[in-house]
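Residue numbers (our numbering): 926 to 1410. Think of the CB as a built atom: it goes at the ideal place given N, C-alpha and C, for glycine as much as any other residue. Bear in mind the structure is a predicted one, so any value in this text is a computation, not a measurement.
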Ligand SMILES: [Zn+2]
């Protein structure tokens, strides 16, 4: 609702010569009042009309006539000096509360100042005095508009509150607010409502609902690259990589120099690769996808792996609650290997097999310009050229405490990142295309606490695999993958 719709002009009702009452005290002023009342009708004589009324005001005037003269002056000034006109109208009402001719323009002026309560009061009082007055239809329209604007302001207030909640990562709170405003049907801030609701749904892992929201925004205005990019993220989250790629391509096409374009361009080949290597996302493991061109794993002679945790208390946004994430992840993955892989802590960095480092600098964990990773796993492995197996020698896991926008990650987010990076650290050197898996290639809220059977089986098979000198790989107990085709 734009404010300018309130700029209704009701001044037609105030000026006429007979509006001024003959009064003994006003004798000297009367000729000027009459002159002003005549001149006011002629648009080309505004200056003379102002001069006449101002001259009249130099003499003693009864409150009624002074009120009327001020109303006329307000009329003459209302286009060139709104503040002056407003002051005149207020004074006119004070001097003569029965001068209902002042009430319509004054109500309109209050409405333009967003003082809706007083505006309503003036306009209703006008209608009481002039139920069939010339300005009555406009006054009624204005009253309706004020109601709409107030409702609109209240709605915008709620949506802004949801934006604050979203920024503070109170996604559930934001969703609650926006699902309520959504029930109110159409309104002027639908796009904002649907955008923030969609972003919150993504954060809560409700990808289908998020997609609906983003589609609604784009249906109203397809030229919103940020929404196309968000839609790509939602498709990615639910594992619809084909749609995610389509949206990303569309995004890059729309906004090739935009702030997310670098990330999108990095993402496209990743999606392509995952789609190509993922295999059947319903099968009981993704061993094929992560064992080519060779298997990467720790030698069992190194067990238990020694893990060094770099002190992190001074890292910005590091929270004590993060402390348990990596140990929990190590326990889960080790258990999946039936204890073949095990770990212990060490306080001596030099003897560590795995180092765990926290940082608040997105650039430090990013393999790409776009800093889209929340963690990274740097693996040093070695093997003979062409061999089907490489031994992992050393790993550094870097975990981010702070996202790209400078906000702290939550303990739950840290836990998901830790589970993923530890999977890499222990030997999974690729990704799953199933969004329920911890090793899904993108951060997603589908991941439940713990590993999926596919995650657990995959690492188990990596350590169960028997690699022959001929290059043949046998995995005892692994179902024949042909069966799944
Ligand atoms: Zn990864």
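Under the three-state DSSP convention, the category residue i falls into
i: residue 1043; result: helix
i: residue 1386; result: helix
i: residue 1357; result: strand
i: residue 1315; result: strand
i: residue 1402; result: coil
i: residue 1230; result: strand
i: residue 1333; result: strand
i: residue 978; result: helix
i: residue 1066; result: helix
i: residue 1325; result: strand
i: residue 1123; result: helix
i: residue 1025; result: helix
i: residue 989; result: helix
i: residue 1300; result: strand
i: residue 1192; result: helix
i: residue 950; result: helix
i: residue 1206; result: coil
i: residue 1015; result: helix
i: residue 1223; result: coil
i: residue 1363; result: coil
i: residue 1240; result: coil
i: residue 965; result: coil
Proximity below 8 Å, CB of residue i to CB of residue j
i: residue 1203; j: residue 1354; result: no
i: residue 1083; j: residue 1069; result: no
i: residue 1122; j: residue 1100; result: yes
i: residue 1031; j: residue 1018; result: yes
i: residue 1325; j: residue 1343; result: no
i: residue 1161; j: residue 1367; result: yes
i: residue 1159; j: residue 1189; result: no
i: residue 1176; j: residue 1199; result: no
i: residue 1403; j: residue 1388; result: no
i: residue 964; j: residue 977; result: yes
Whole-angstrom distance between residue j and residue i, CA atom to CA atom
i: residue 1166; j: residue 1118; result: 26 Å
i: residue 1259; j: residue 1090; result: 38 Å
i: residue 1113; j: residue 1045; result: 23 Å
i: residue 1301; j: residue 1317; result: 16 Å
i: residue 1397; j: residue 1172; result: 40 Å
i: residue 1125; j: residue 1282; result: 30 Å
i: residue 1333; j: residue 1040; result: 41 Å
i: residue 1401; j: residue 1263; result: 14 Å
i: residue 1186; j: residue 1037; result: 43 Å
i: residue 1374; j: residue 1151; result: 31 Å
i: residue 938; j: residue 1060; result: Confidence at residue 938 is low in this model, with a pLDDT of 46, below 50, so its placement is unreliable and no value can be given for it.
i: residue 1133; j: residue 1143; result: 15 Å
i: residue 1296; j: residue 1378; result: A caution first: residue 1296 carries a pLDDT of 46, below 50, which makes its placement in the model too unreliable to give a value.
i: residue 1120; j: residue 1145; result: 12 Å
i: residue 1349; j: residue 1076; result: 53 Å
i: residue 1246; j: residue 1340; result: 10 Å
i: residue 1163; j: residue 1338; result: 17 Å
i: residue 1157; j: residue 1179; result: 13 Å
i: residue 1035; j: residue 1360; result: 56 Å
i: residue 1274; j: residue 1287; result: 23 Å
i: residue 973; j: residue 961; result: 8 Å
i: residue 1109; j: residue 947; result: 56 Å
i: residue 1078; j: residue 1174; result: 38 Å
Residue from the options whose Cα sits closest to the Cα of residue i
i: residue 1115; options: 1243, 1138 and 1173; result: 1138
i: residue 996; options: 1192, 1010 and 984; result: 1010
i: residue 1042; options: 1061, 1017 and 1074; result: 1074
i: residue 1251; options: 1238, 1233, 1241 and 1263; result: 1233
i: residue 1006; options: 975, 1320 and 1151; result: 975
i: residue 1025; options: 1035, 1341, 1004 and 1058; result: 1058
i: residue 1093; options: 1065, 990 and 1128; result: 1128
i: residue 1272; options: 1303, 1241, 1230 and 1284; result: 1230
i: residue 1392; options: 1218, 1359, 968 and 1329; result: 1218
i: residue 1399; options: 1108, 1213, 1035 and 982; result: 1213
i: residue 949; options: 960, 989 and 964; result: 989
i: residue 1307; options: 1290, 1331, 1352 and 1267; result: 1352
i: residue 1330; options: 991, 1184 and 1267; result: 1184
Beta-carbon separation (whole angstroms), residue i vs residue j, contact threshold 8 Å
i: residue 1363; j: residue 1376; result: 5 Å
i: residue 1227; j: residue 1278; result: 6 Å
i: residue 1261; j: residue 1381; result: 4 Å
i: residue 1197; j: residue 1225; result: With a Cβ gap of about 35 Å, residue 1197 and residue 1225 do not count as contacting.
i: residue 1220; j: residue 1314; result: 5 Å
i: residue 999; j: residue 1020; result: At roughly 12 Å, the Cβ-Cβ gap does not stay under 8 Å, so residue 999 and residue 1020 are not in contact.
i: residue 1336; j: residue 1244; result: 6 Å
i: residue 1285; j: residue 1320; result: Actually they do not touch by this definition, with Cβ atoms about 21 Å apart.
i: residue 1087; j: residue 1103; result: 5 Å
i: residue 1280; j: residue 1235; result: 7 Å
i: residue 951; j: residue 986; result: 5 Å
Heavy atom of ligand 2 within 7 Å of residue i beta-carbon
i: residue 1356; result: You won't find ligand 2 in this model; what it holds is ligand 1.
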